[in-house]
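S.K.:
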Amino acid sequence: MRRPTARAYTAPAAALAALLTALPAARADSTDSADSADGAAAAATVIEKVPYAMDSSNQAAWWTPVATYKGRGQYTYFAFNEPGSTAATHRPAIARRDPDGLWSRLPLLNSDGQQAEFPDDNGHNQPSMARDGSGRLHVFASMHANSWRYFRTEAPGTDVTDHAAELPDQGVGITYPVVTTAPNGDLYLAARTGSGADQRPGKLYHWDNAAARWSTVATFAGAPNRSVYPDDLTVDTTGRVHLLYEWAKAPATAFRHQLSYLRYDPATGTFTNSTGTPLTTPVTPTTSDVIQDLTTGEEWSTDNTYTGPAVQSAKLTLDGPTPKIAYRYRSADSNSNFHVYYAYPSNNTWTRKTVYTDGQTTPALGITWNPTDTKRIYYITPTGTNRIFAATQNPDGTWTPQPAAPGITTDRLAVRQNTDGKDVLYLPDTTHNTLYHGLR
Numbered sequence: 000m001r002r003p004t005a006r007a008y009t010a011p012a013a014a015l016a017a018l019l020t021a022l023p024a025a026r027a028d029s030t031d032s033a034d035s036a037d038g039a040a041a042a043a044t045v046i047e048k049v050p051y052a053m054d055s056s057n058q059a060a061w062w063t064p065v066a067t068y069k070g071r072g073q074y075t076y077f078a079f080n081e082p083g084s085t086a087a088t089h090r091p092a093i094a095r096r097d098p099d100g101l102w103s104r105l106p107l108l109n110s111d112g113q114q115a116e117f118p119d120d121n122g123h124n125q126p127s128m129a130r131d132g133s134g135r136l137h138v139f140a141s142m143h144a145n146s147w148r149y150f151r152t153e154a155p156g157t158d159v160t161d162h163a164a165e166l167p168d169q170g171v172g173i174t175y176p177v178v179t180t181a182p183n184g185d186l187y188l189a190a191r192t193g194s195g196a197d198q199r200p201g202k203l204y205h206w207d208n209a210a211a212r213w214s215t216v217a218t219f220a221g222a223p224n225r226s227v228y229p230d231d232l233t234v235d236t237t238g239r240v241h242l243l244y245e246w247a248k249a250p251a252t253a254f255r256h257q258l259s260y261l262r263y264d265p266a267t268g269t270f271t272n273s274t275g276t277p278l279t280t281p282v283t284p285t286t287s288d289v290i291q292d293l294t295t296g297e298e299w300s301t302d303n304t305y306t307g308p309a310v311q312s313a314k315l316t317l318d319g320p321t322p323k324i325a326y327r328y329r330s331a332d333s334n335s336n337f338h339v340y341y342a343y344p345s346n347n348t349w350t351r352k353t354v355y356t357d358g359q360t361t362p363a364l365g366i367t368w369n370p371t372d373t374k375r376i377y378y379i380t381p382t383g384t385n386r387i388f389a390a391t392q393n394p395d396g397t398w399t400p401q402p403a404a405p406g407i408t409t410d411r412l413a414v415r416q417n418t419d420g421k422d423v424l425y426l427p428d429t430t431h432n433t434l435y436h437g438l439r
């Protein structure tokens with residue numbers, strides 16, 4: 000049955016005015032030879048409080064918790080953790096925003112009809128979601144080397160119920176599920192599988208929307224003594240799947256290395272690197288298309304007090320068929336700070352550019368690309384009145400950050416571009432148990 004709706008939160012006039020902030024935005028080149036912007040246009044972020052309580056565990060960097068759909072208007076779906084029955088638990092749900100601004104809440108239900116509840120585990124037990132071509136909502140929630148926790152609607156407007164038994168690899172520990180919708184309405188899911196101490200590979204799964212079933216595409220990455228950390232995936236207009244992932248010393252660590260890219264073509268069943276060269280899967284750190292390789296002093300370590308060079312979080316978008324990457328990297332000379340970088344393939348290698356190096360950043364990023372409008376990299380600083388920034392590219396290839404949500408003390412984010420070319424911002428403020436919706 001449909002859940003009751005709630006009217007959108009409305010800020011007082013003075014507060015709302017403070018949240019409507021005009022920001023400059025770079026305009027993309029018609030060609031990408033210099034990978035720079037050729038003009039500027041006005042942009043604004045409109046911030047709205049989601050009218051449901053959020054649990055403080057609702058924080059991650061790898062997740063894909065936003066889905067959008069264009070029907071008679073733009074629909075937005077936020078998967079998030081609600082407070083649980085105790086301080087150490089949470090209950091996953093979906094907040095849906097209709098085109099008229101009305102919000103409705105869709106709890107994730109177990110087979111007994113009760114809302115699912117799971118232990119808190121920051122950085123792991125957070126939801127990812129997507130909407131398929133038939134309007135079914137798919138949510139992967141709260142898995143840190145757990146068996147599948149997967150919920151789905153049977154049709155638009157129905158309850159979101161447990162369908163974990165329908166997935167392959169039953170009983171295998173799943174972590175970091177990231178999911179996206181293909182242009183034909185199918186879904187692709189990447190996740191780390193297994194809980195062994197020797198290695199934890201990455202797998203790619205496919206939802207056939209017409210047949211309404213999941214299958215395994217391949218183990219796309221894996222190697223002895225290494226763990227795979229999926230960051231993001233997206234599908235281009237030809238149906239090719241673009242994957243972004245990191246490597247770490249097994250079994251697990253907060254600090255990773257060798258940020259890598261991989262492309263899968265369902266039409267041929269082949270995996271390739273960014274130049275189109277076929278690769279045998281599972282790829283290894285040696286055979287991966289590495290975007291950010293090891294630098295001086297960088298070590299493979301499972302010590303979570305490790306202070307050397309490392310990667311921590313990355314996101315992916317496309318300029319046509321070309322991947323564009325935003326990532327955080329801590330170099331030997333960064334004063335222990337994770338800075339923000341941008342990378343794209345050029346002349347059979349990866350070109351890397353500096354976005355932000357003025358201080359520490361929080362492990363959360365977003366990147367969007369609209370060739371006729373703007374390209375933006377979103378990141379967060381841990382302190383200050385303005386913490387969320389959108390960096391836009393200048394004609395000389397440098398990046399200029401501007402506040403993207405003044406006054407909002409969020410500590411994580413996710414970004415999804417809707418079919419109108421607008422950036423939808425998912426902004427959790429875990430200090431105040433509040434989730435914000437931004438549109439820019």
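Start counting the sequence shown at 0; every next residue gets the next number (numbering that gives the first Met the number 0). Glycine included, C-beta positions come from ideal geometry on N, C-alpha and C.
CB-CB under 6 Å to Y76, same chain, minus the five flanking residues each way: which ones, in chain order?
M.R.: For the purposes of this step, residue 76 is identified with residue 77 of the sequence shown, where counting begins at 1. A66, I93, R95.
S.K.: Could you check how far apart the C-beta atoms of A404 and G437 are, in whole angstroms? I think they sit under 8 Å.
M.R.: Sequence index remark: in the sequence shown, residue 404 carries index 405 (1-based). Sequence index remark: in the sequence shown, residue 437 carries index 438 (1-based). That pair is a contact at about 6 Å.
S.K.: For P281, is the classification buried or exposed, using 16 other Cβ atoms within 10 angstroms of its Cβ as the cut-off for buried?
M.R.: Counted from its first residue, the sequence shown places residue 281 at position 282. Buried, by the Cβ-count rule.
S.K.: Can you give me the C-alpha to C-alpha distance between R71 and Y435, rounded to a whole angstrom?
M.R.: Along the sequence shown, one-based indexing puts residue 71 at 72. Along the sequence shown, one-based indexing puts residue 435 at 436. Answer to the nearest angstrom: the Cα atoms are 23 Å apart.
S.K.: Do A115 and H82 count as a contact pair if the criterion is CB distance below 8 Å?
M.R.: For the purposes of this step, residue 82 is taken as residue 83 along the sequence shown, with counting starting at 1. For the purposes of this step, residue 115 is taken as residue 116 along the sequence shown, with counting starting at 1. Residue identity differs from the one stated: residue 82 is Pro in this sequence, not His. In this structure, A115 does not lie closer than 8 Å to P82 by Cβ.
S.K.: With a cut-off of 8 Å, do at least 3 Cβ pairs link the region 181-192 to the region 235-251?
M.R.: Verdict: yes, contact present.
S.K.: Which residue from Y68, A129, A59, A60 puts its Cα closest to that of D419?
M.R.: Here residue 419 refers to the residue found at position 420 of the sequence shown. It is Y68.
S.K.: Assuming P64 and A413 form a contact by the criterion Cβ under 8 Å, report the distance between their Cβ atoms to the nearest whole angstrom.
M.R.: Indexing the sequence shown from 1 puts residue 64 at position 65. Indexing the sequence shown from 1 puts residue 413 at position 414. That pair is a contact at about 5 Å.
S.K.: Using DSSP with H/G/I as helix, E/B as strand and the rest coil, what is T153?
M.R.: Within the sequence shown, numbered from 1, the residue matching residue 153 stands at position 154. In the sequence as presented, Thr is not what sits at residue 153; that position holds Glu. Coil, per DSSP.
S.K.: Please report how far the alpha carbon of F150 lies from the alpha carbon of Q401, in whole angstroms.
M.R.: The residue given as residue 150 occupies position 151 in the sequence shown. The residue given as residue 401 occupies position 402 in the sequence shown. Going by the C-alpha atoms only, they are around 38 Å apart.
S.K.: State the DSSP-derived secondary structure class of E298, mapped to helix, strand or coil.
M.R.: Stepping through the sequence shown from its first residue, residue 298 is reached at position 299. Three-state result, E298: coil.
S.K.: Decide yes or no for the touch test of the region 99-117 against the region 153-167: beta carbon pairs closer than 8 Å, at least 3 of them.
M.R.: These segments touch.
S.K.: Look at the Cβ atom of D410, then the Cβ atom of T429, and state whether they are nearer than 8 Å.
M.R.: On the sequence shown, residue 410 is found 411 positions in, with the first residue counted as 1. On the sequence shown, residue 429 is found 430 positions in, with the first residue counted as 1. Yes; because the gap between Cβ atoms is below 8 Å, this pair is in contact.
S.K.: Name the residue from L293, D302, V177 whose alpha carbon lies nearest to the alpha carbon of S284.
M.R.: For the purposes of this step, residue 284 is taken as the residue at position 285 of the sequence shown. First, the amino acid is wrong: residue 284 is Pro here, not Ser. Nearest C-alpha to P284: L293.
S.K.: Under the assumption that I173 contacts M128 (Cβ atoms under 8 Å), give the Cβ distance between them as a whole number of angstroms.
M.R.: Counting from one through the sequence shown, the residue named residue 173 turns up at place 174. Counting from one through the sequence shown, the residue named residue 128 turns up at place 129. Contact doesn't hold; Cβ gap of about 15 Å is too wide.
S.K.: Taking its Cβ as the centre, do 16 or more other Cβ atoms sit within 10 Å of G296, making it buried, or is it exposed?
M.R.: The residue given as residue 296 occupies position 297 in the sequence shown. Result: exposed.
S.K.: Any chance you could list the beta strand (DSSP E) runs of at least 3 consecutive residues sitting entirely within the region 140-190, in chain order?
M.R.: Correct list: 143-145, 149-151, 159-161, 173-180.
S.K.: So H205 is in the beta strand (DSSP E); what residue range does that whole segment cover?
M.R.: Sequence index remark: in the sequence shown, residue 205 carries index 206 (1-based). Per DSSP, H205 belongs to the beta strand (DSSP E) from 201-207.
S.K.: Let me check one thing: in DSSP terms, what residues is E47 bridge-paired to?
M.R.: To locate residue 47, count along the sequence shown from 1; it is residue 48. According to DSSP, E47 bridges with H436.
S.K.: Kindly identify the DSSP beta-bridge partner or partners of Q291.
M.R.: As a position in the sequence shown, residue 291 is number 292, starting the count at 1. Q291 is bridged to L258.
S.K.: Measuring alpha carbon to alpha carbon, tell me which residue in Y425, R130, Y260 is nearest K323.
M.R.: Along the sequence shown, one-based indexing puts residue 323 at 324. Answer by Cα proximity: Y260.
S.K.: Could you give the distance in angstroms between the alpha-carbon of T179 and the alpha-carbon of Y378?
M.R.: As a working note, residue 179 is residue 180 in the sequence shown. As a working note, residue 378 is residue 379 in the sequence shown. Whole-angstrom Cα-Cα distance: 21 Å.
S.K.: Whole-angstrom Cβ separation of V423 and N432, contact assumed at under 8 Å?
M.R.: If you number the sequence shown from 1, residue 423 lands on position 424. If you number the sequence shown from 1, residue 432 lands on position 433. With a Cβ gap of about 21 Å, V423 and N432 do not count as contacting.
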